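**Q** Starting off with a structure, shown below.
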Amino acid sequence: MLPTPTIPSPDYERIYEPAEDSFLILDLFESQLSYFQSKRFSKKTPLVLEIGTGSGIITTFINKHILPNAIYVASDLNPYACKTALRTNKANASSINVDSIRCDLTTALLPNSVDLLVFNPPYVPAEFVPQVPETSEDEHTWVDIALNGGPEGMDVTNQLLQSLSDTLSVDGEAYILFCARNNPDTVAQNFMSNYPNFKVERVIHRKAGWEVLSIYRFLKLS
Ligand SMILES: C[S@@+](CC[C@H](N)C(=O)[O-])C[C@H]1O[C@@H](n2cnc3c(N)ncnc32)[C@H](O)[C@@H]1O
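FYI, in the working numbering the residues of the sequence shown are 467 to 688.
What follows is the structure, given as structure tokens:
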């Protein structure tokens, strides 16, 4: 079993604490190690984007164990997450190939540039997606921003899905986590109807407490 990165001095009142969803993503990458290492990305040095990096545990794990020769962008809306992700990576893996940017989803990326995209989104059904805090008194909101995805838990993921085709490179792929209440099979079918240049399939799923989590691969076909 590949070791899980350690997170130095985390502040879990301001960033998401890795949980079953984060560990399901690590397990997926570990179980598909040979797939990733043999996959021919369109570029020799693939660009990996993790949206919503939180503690940086996922970017660091992939950098250390799966694709050490890639270039990484670990992004988050939350500035504390961006700083923590860089610290986590530096404490566990090579840091010369990883940077962090504070941005909303894919807005800071060049079109058709990302070879591998990973997103553990705010997927919990909730009345609304919280606003980004404007003052330090509102900073408890960061944890809600990490979790709450609007009425079906899909508001943030749907936003990403709309820009996915324009974000991924040819042969690029995205791994996105869903809970059962997001109706991921329907999401996948609808996505393939709207974007016939994509193959979408579930690659792993697991019961976590009363929740069933699953990860889908969105593969852009050349
Ligand atoms: C469920 S947490 C996942 C954190 C980490 N990747 C993990 O798996 O442990 C979701 C993360 O997405 C970030 N996030 C929420 N909305 C976002 C957006 N619109 N753009 C970028 N990041 C966002 C949150 O701040 C949070 O860090």
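Virtual Cβ for every residue (Gly too), placed ideally from N, Cα, C.
Only a predicted model underlies this, so the values are computations on that prediction, with no experimental measurement involved.
With a Cβ-Cβ cutoff of 8 Å, do Asp565 and Val514 count as a contact?
**A** Indexing the sequence shown from 1 puts residue 565 at position 99. Indexing the sequence shown from 1 puts residue 514 at position 48. Against a cut-off of 8 Å, the Cβ pair of Val514 and Asp565 comes out as no contact.
**Q** In the structure shown, what three-state DSSP assignment does Ala485 receive?
**A** On the sequence shown, residue 485 is found 19 positions in, with the first residue counted as 1. It is coil, neither helix nor strand.
**Q** Quick one, which of Arg683, Gly520, Phe657, Pro512 has its alpha-carbon nearest Pro545's?
**A** Your numbering for residue 545 matches position 79 in the sequence shown. Taking only the C-alpha atoms, the option nearest Pro545 is Gly520.
**Q** Quick one: using the 10 Å Cβ neighbour count with 16 as the cut-off for buried, is Ala574 buried or exposed?
**A** Within the sequence shown, residue 574 is the residue found at index 108, counting from 1. Counting Cβ neighbours within 10 Å, Ala574 comes out exposed, since fewer than 16 surround it.
**Q** Any idea what DSSP makes of Asn649, helix, strand or coil?
**A** Position 183 of the sequence shown holds residue 649. In the structure shown, Asn649 sits in coil (DSSP, three-state: anything other than H, G, I, E or B).
**Q** Would you list the one or two residues that DSSP bridges to His671?
**A** Along the sequence shown, read from residue 1 onward, the residue named residue 671 stands at position 205. Per DSSP, the beta bridge partners of His671 are Ser680.
**Q** What residues match up with Leu685 in a beta bridge as DSSP calls it?
**A** Within the sequence shown, numbered from 1, the residue matching residue 685 stands at position 219. The partner list for Leu685 (beta bridge, DSSP) reads Glu639, Lys665.
**Q** I'd like the ranges of any alpha helix (DSSP H) spanning at least 4 consecutive residues and lying wholly in the segment 598-630.
**A** 607-613
**Q** Shorter than 7 Å, the distance from the beta carbon of Ser521 to the closest heavy atom of ligand 1, or not?
**A** Position 55 of the sequence shown, counting from 1, holds the residue named residue 521. At least one heavy atom of ligand 1 falls within 7 Å of the beta-carbon of Ser521.
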